[in-house]
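Student: Protein chains in written order, with this note's numbering: chain A, 416 to 1244; chain B, 115 to 414. All residues carry an ideal CB built from backbone N, CA and C; glycine is no exception. All values reported here derive from a predicted model rather than from experimental measurement. Below you will find the structure I want to go over with you.
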Amino acid sequence: MFERYRFSSPYDEMLDSEKNIRPQWQRMFENLDRLGIEQLQAKQKEIDWRLEDNGVTYNVYNDPSGISRPWRLDPIPFVIDENEWKMIESGLQQRAKILDMLYRDIYSEQRVIKEGIIAPEIIYAHSGFIRQMVNMKKHTSAALRIYAADMARGPDGKMWIINDRTQAPSGLGYAVENRLTMNSVMQDLLNDISIKRLYSFFESFKSMLQELNPHHKGEPLHVLLSPGPHNETYFEHAYLSSFLGLTLVQGQDLLAKNGGIWLKSLKGLRRVDAILRRVDEGYCDPLELRSDSQLGVSGLVHAVRKNGVEMVNPLGCGVLENLGLNPFMPYLARYYLQEELILPQIATWWCGQKKERDYVLENLERLIIKKIDQSEGHHIYDGKRLSKEEVQNLREKILKEPYLFVGQDEVQFATTPTLIKDSIEPRKAVIRSFAIAREGKYDVMPGGLVRVGATNDPLMVSGQTGGSSKDLWILGEPGEFPSINLFKPKIGAESSLETIPSLRAENLFWLGRYLTRAIMTARMIRITVKYMANAYRYDQRFNPVAQNVLRKALTHMTMSYPGFLGEGDQEVKNAMEEIWSVTAYERRSGSLSYTLRMLSGANTSTKNLLSLEAWRIFDRLEREWGAFSKEKQPIPRSMISGLDRLLIQLMAYKELIKESLFTEQGLTLYEIGERIEHSLLLISKARSILTLSYDPLGEYEVLETLLGTCESLNAYRAHYRSSLELRNVTEFLLLDIKFPKSLISELDHLLKAFPHLPKFRHASYLSGYEKPIFEAFSMLRLSKIDVLCTLNPDEYIRSELDTLLSEITERLIRASNELSQTYFAHYYE
Amino acid sequence: MVYHIYHNTQFSYQQWVSFSHNLVRLKPRNTPVQTVVDFSLSVDPAATETDEYNDYFGNHLHHLLVREPHALLNVIAKSCVAIDKEAIEALDIRRELSLSLSVEEAMKRLSYRTPESIDAKQYTLRSPLLVPASEGLEAYARLSFHPERSLYLSIQEFMGRIFEDFKFVPGFSNLSTPVDEVFEAKKGVCQDFAHLAITALRSLGLPTRYMSGYIETIPPKGEDKLFGSDASHAWFSVYLPELGWFDFDPTNNIVPRDQHILLGFGRDYSDISPIQGVVQGSGLSHLNVMVDVSREEVKE
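So this is what it looks like as structure tokens:
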């Protein structure tokens, strides 16, 4: 199985230069050998399946299809010997300590600059230096609570530091999932091997968070601030928040007032004690930081200034992710700790100094040039791959702002055995390790996230470019056994309706509305197409009036004006073409594809509440509808079958939502959304169809079709046992409280659903969203069907009915807005 | 002598705004030359929360949270600033002293590590609105600077050239107009000239900062001054090693003495914009500003 294992780097994890197996790899080699390549491939399949089944994904930015990539894990771990790890551990602790002291210094006295240990430009020219943070806070203990570093083994066999990660390091969740997957699939490799457990590290991670309670009042509320479902590591945000017991939020979930940060939840505003942030600091507050940010909370910096909230890591840590610091790290170690730097780094020359700049400029063609600040895109230039002209441009850039650049030696990092298809090959690997501040020292995770490149390209491996990952095994005593299952998602943090974040509640509400709109629109189109296709079936019964009414009803319902209401130049020439446009053109507001896109947004935002089956069916629906709707205008028969398929999938999705959502998770909101939308669309249809008068034949056809769009024809027949009459149909669809799909039943259900909402008060007076529905309900209840159906001689529509329906619409919209104000916006609290 | 400054800013929004955080930088800072003797800020609708603090640069800030639904936000700042004649005379003397510092000598001294020169260093780097100067602009500036010449006089000459070469034309530029465009078109307003001068002088290695404030205007002979006919003003200031900061006003080709009132300073306009707000909800806003500066002689 190692036939294709050839050296491609000066150092290999498994083999020494004589091709002997290194001692720490001896047992792993034997275990792998015993397992054999076929077994190993089978294991890889099982790993892939498990990761997919657990929904472990990694989103790829700028991917137009927005598809998330499955996470990949190699079955062969990266192995580090216990003694070496002790040295690495102390090196990481030291580095974290230096950076923490540097942070506290540059955001207060700046002694390190004043005393000439580092040049001012390294700090002042870095976009991560946030001036607002200077002298804002006195840190009595560590400010840098989480520290991560990327490491790789250099040609000398030592672990080298490549990058520091201090802002909002990612990878922890993937590292945990990797370990859990390895535990369940790769027990064979643990034969005679003992490795360190991750348990105690996460225990202390949790304790660290627990202690962040600036107000010492009751159970602290901690949130994980995420940029949202489109972020590349959103899976991890959901995963971490669940097992650390944090509420997962986005910027819109929070607001700043009274010197603090508040979570908008259905119950009302709740004070936030600490924010574990995964939003880059520049984007955290549009008021004081980047004004173009949509991800932050306006007023957050001020809340920090007023000591109202703890941030992990604090704002301003980004300046520590700074390659300009590299050459000065040995001096900083001596300055702050009177120690020598333990872990080596890549040789780095900072161009802000003359001698170093001259060296870099002389050696541009062989060095790797980087910006000290990698926060705004990766600025990495590989000297030997640049053209003459590019070298010249780079030279000019460096000369203009030398302090923004460093030059680094190109390093051949070590390779490690990796399963590639049907053989084991050497691949370069980068390790991300994590440390957290606890009681005056840093605890280092005895493991980490290892990333390996897709190819053997010497330039860096990254999650964005494909490739795979590995678990990191530190040989040695396993340490404490967990007393409870730490990694099981914690239930309780968000299990009550009162505490769910308002944004999620709002998305559930819209999920209900869009799903209902999609289903009703699809049905309406389907029936219209079918009616038109059958129009010539019975020669005499061809009825242009009925067709016209249906088409206009479709335009009204989708609000895709002018549509079939167009006159003069705007008159529709080809009816099928117009219908296809309302069906398929995603850019046309109101079209079915447009509604499905909105639904897709609501689906993404509520994804972590829904079951995996629901995701799958929706993914499939999107894929199939996407392909169908991009076709050339199909013949009516294919259009109908495409819509049929869509309807089946939508109905299945709807069932799965109802099955997987608990009332506590906001099912009520989903249902309220559903009912409001259904009422509005039912009214729209009724206004376009029931207010008109027809000849007997036309009336019959129109009513039959209308009941068809409501899937209510059979119910009507069972109830009335009579032929279709406008008066009866109107009564049935609008006023019949025994028919569950009638308008009055929907309003009745809404009134019954409201008391389940957390802020509902059983008071003598109705709340703002209750009142309009109550009015609408009463108006319907007090109506007389004969009055509604009266057609005055000088009128061409039934004005009593039309007026009533328009007043009810207005009330539904008012109730919807009031609900938003009360539960989602919270500006008045 | 005291100045009375009235500064009214009005935002009108297309939609009702019910929750907005605002940063207001309308209270002048104290300097050796000027002392704020009275200041009031009124906001309509009234702010539910008001906080006051100094920023990194030492400028005064008010943080306001307005929670009453509004479509119009009105902010009125009234300041009364006393000008110290003696401090102006002391400044004149310092200016005399600075004349003998040559460009070459200044450059050498700028590299010495003193607390002042370290702080000044950040005003030589790129800033949020100002990228490094183009070759053309750098060359344009360099014409006034010869190694053996007085640095102060070089800057003064450079200021004069901007005044001569550029036309004051309102409406040509806005906040996001790059310096290069202003340099090409040779026109703009005070803010553009300040930004242009700052960019140019930074390219020569001189620490230069953006000054925001007001200037007293005097109506043509025989005419009365109309209330509210003034505007915000901007100029620049350069750090001369061991001598401190010196102000220059390229829009009027004068060295500010007792007609300029400073609100605050920063690396560029973005550090010291008078009002910044974030409103919830979309919709554009329209801004209306009215400023009045009037002098009152006080018997001493």
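Is it buried or exposed for B/Leu-211, if we count other Cβ within 10 angstroms and need 16 for buried?
Tutor: Flag for B/Leu-211 reads exposed.
Student: For A/His-1171, report the span of its beta strand (DSSP E) as first-last.
Tutor: Premise fails: A/His-1171 is in no beta strand (DSSP E) and is neither H nor E.
Student: Assuming contact is defined by CB atoms lying nearer than 9 Å, are A/Tyr-1098 and A/Leu-1158 in contact in what I supplied?
Tutor: Looking at the sequence shown, residue 1098 of chain A is not Tyr but Ile. Yes, the Cβ-Cβ distance between A/Ile-1098 and A/Leu-1158 is below 9 Å.
Student: On the three-state DSSP scale, how would you describe A/Glu-670?
Tutor: Note that residue 670 of chain A is Leu in the sequence shown here, rather than Glu. The answer is strand: DSSP assigns A/Leu-670 an E or B state.
Student: Alpha carbon to alpha carbon, how far is A/Lys-573 from A/Pro-425? Give it in angstroms, no decimals.
Tutor: The straight-line gap from Cα to Cα measures roughly 12 Å.
Student: Just the chain A side, please: which residues come within less than 7 Å of B/Pro-86 by C-beta, in chain order?
Tutor: No answer is possible for residue 86 of chain B: the residues shown for chain B start at 115 and end at 414.
Student: Excluding the 5 residues flanking B/Leu-320 on each side, which residues of the same chain have their C-beta closer than 6 Å to its C-beta?
Tutor: Cβ neighbours of B/Leu-320 beyond the five flanking positions: Val-352.
Student: Between A/Leu-740 and chain B, is there a C-beta pair that is closer than 9 Å?
Tutor: For A/Leu-740, the answer is no, since every Cβ of chain B falls outside 9 Å of its Cβ.
Student: With distances taken between CB atoms, is the gap from A/Leu-1141 to A/Leu-1122 smaller than 9 Å?
Tutor: No, Cβ-Cβ distance for A/Leu-1141 and A/Leu-1122 is not below 9 Å.
Student: For A/His-554 and chain B, any beta-carbon pair shorter than 9 Å?
Tutor: With 9 Å as the cut-off, A/His-554 does not count as an interface residue toward chain B.
Student: Could you run through the stretch 212-246 of chain B and flag, in chain order, every residue whose CB is less than 8 Å away from some CB of chain A?
Tutor: Answer set for the stretch 212-246 of chain B: Arg-227, Pro-229, Ile-232, Lys-235, Gln-236, Leu-239, Arg-240, Pro-246.
Student: Determine the contact status of A/Tyr-735 and A/Leu-514, defining contact as a CB-CB distance below 9 Å.
Tutor: Note on identity: in this sequence residue 735 of chain A is Leu, with Tyr being the wrong assignment. In contact: A/Leu-735 and A/Leu-514 (Cβ atoms closer than 9 Å).
Student: Would you mind telling me which residues of chain A sit closer than 9 Å to B/Arg-323, beta carbon to beta carbon, in chain order?
Tutor: None at all; the shortest Cβ gap to chain A is about 13 Å.
Student: Does the beta carbon of A/Gly-907 come closer than 9 Å to any beta carbon on chain B?
Tutor: Confidence in A/Gly-907 is poor, its pLDDT being 42 and thus under 50, which makes the residue's placement unreliable; the coordinate value appears in the next sentence. Judged by the 9 Å Cβ criterion, A/Gly-907 is not in contact with chain B.
Student: Taking only the alpha-carbon atoms, compute the straight-line gap between A/Leu-715 and A/Glu-725 and give it to the nearest angstrom.
Tutor: Cα to Cα, A/Leu-715 sits roughly 11 Å from A/Glu-725.
Student: How far does the alpha helix (DSSP H) with A/Arg-847 in it extend, from its first residue to its last?
Tutor: First-last for A/Arg-847: 838-853, but that is the beta strand (DSSP E), not the alpha helix (DSSP H).
Student: Helix, strand or coil, according to DSSP, for A/Val-821 in the structure here?
Tutor: In the structure shown, A/Val-821 sits in a strand (DSSP, three-state: E or B).
Student: So B/Ile-329 is in the beta strand (DSSP E); what residue range does that whole segment cover?
Tutor: Per DSSP, B/Ile-329 belongs to the beta strand (DSSP E) from 322-329.
Student: Assuming A/Phe-620 and A/Ile-846 form a contact by the criterion Cβ under 8 Å, report the distance between their Cβ atoms to the nearest whole angstrom.
Tutor: Not a contact, Cβ separation roughly 19 Å.
Student: Are the beta-carbon atoms of B/His-135 and A/Ser-708 separated by less than 9 Å?
Tutor: Cβ distance not < 9 Å, so B/His-135 and A/Ser-708 don't count as in contact.
Student: Is it buried or exposed, A/Glu-1244, if we count other Cβ atoms within 10 angstroms and call 16 or more buried?
Tutor: Burial call: exposed.
Student: Give the DSSP bridge partners of B/His-118, in chain order.
Tutor: B/His-118 is bridged to B/Cys-194, B/Ser-408.
Student: At the level of alpha carbons, what is the spacing between B/Val-412 and B/Gln-148?
Tutor: Roughly 14 Å between the two C-alpha positions.
Student: Tell me which residues of the stretch 514-538 of chain A have at least one Cβ-Cβ distance to chain B shorter than 7 Å, keeping chain order.
Tutor: The stretch 514-538 of chain A vs chain B, Cβ under 7 Å: Ile-528, Lys-529, Gly-531, Pro-535, Glu-536.
Student: Spell out the partners DSSP gives A/Glu-725 in its beta bridges.
Tutor: According to DSSP, which records beta bridges pairwise, A/Glu-725 is partnered with A/Ala-689.
Student: Only counting the same chain, and skipping five residues up and downstream in sequence, which positions put a Cβ closer than 7 Å to that of A/Asn-958?
Tutor: Here the set comprises Leu-1112, Gly-1113, Glu-1116.
Student: In the DSSP output, what is B/Leu-401 paired with across the bridge?
Tutor: According to DSSP, B/Leu-401 bridges with B/Phe-125.
Student: Mind pulling the chain A residues with CB within less than 9 Å of B/Gln-390?
Tutor: Ordered by position in chain A, the residues that pass the 9 Å Cβ test against B/Gln-390 are Leu-702, Glu-703, Ser-706.
Student: Could you list the residues in the stretch 137-164 of chain B with a C-beta less than 7 Å from some C-beta on chain A, going in chain order?
Tutor: Listed by position, the residues of the stretch 137-164 of chain B near chain A (Cβ gap below 7 Å) are Leu-137, Glu-163.
Student: Counting Cβ pairs closer than 8 Å, one from the stretch 1222-1238 of chain A and one from the stretch 368-377 of chain B, do we hit at least three?
Tutor: As far as the Cβ criterion goes, the stretch 1222-1238 of chain A does not touch the stretch 368-377 of chain B, which means the pair count is below three.
Student: Which runs of the alpha helix (DSSP H) spanning at least 4 residues fall entirely within the stretch 1033-1061 of chain A, listed in chain order?
Tutor: With a minimum length of 4 residues, no continuous alpha helix (DSSP H) run stays inside the stretch 1033-1061 of chain A.
Student: Between A/Val-549 and chain B, is any beta-carbon pair separated by less than 9 Å?
Tutor: It does: the Cβ of A/Val-549 has a partner Cβ on chain B nearer than 9 Å.
Student: Closer than 9 Å, Cβ to any Cβ of chain A: which residues of the stretch 171-199 of chain B, in chain order?
Tutor: For the stretch 171-199 of chain B, which is checked against every Cβ of chain A, the residues closer than 9 Å are Phe-171, His-177, Leu-179, Arg-181, Pro-183.
Student: Within the 9 Å Cβ cut-off, does B/Ser-399 reach chain A?
Tutor: By this cut-off, B/Ser-399 is not an interface position.
Student: Please state the DSSP three-state secondary structure of A/Glu-634.
Tutor: The answer is coil: DSSP assigns A/Glu-634 none of H, G, I, E or B.
Student: May I ask you to report which of helix, strand or coil DSSP gives A/Leu-430?
Tutor: The answer is strand: DSSP assigns A/Leu-430 an E or B state.
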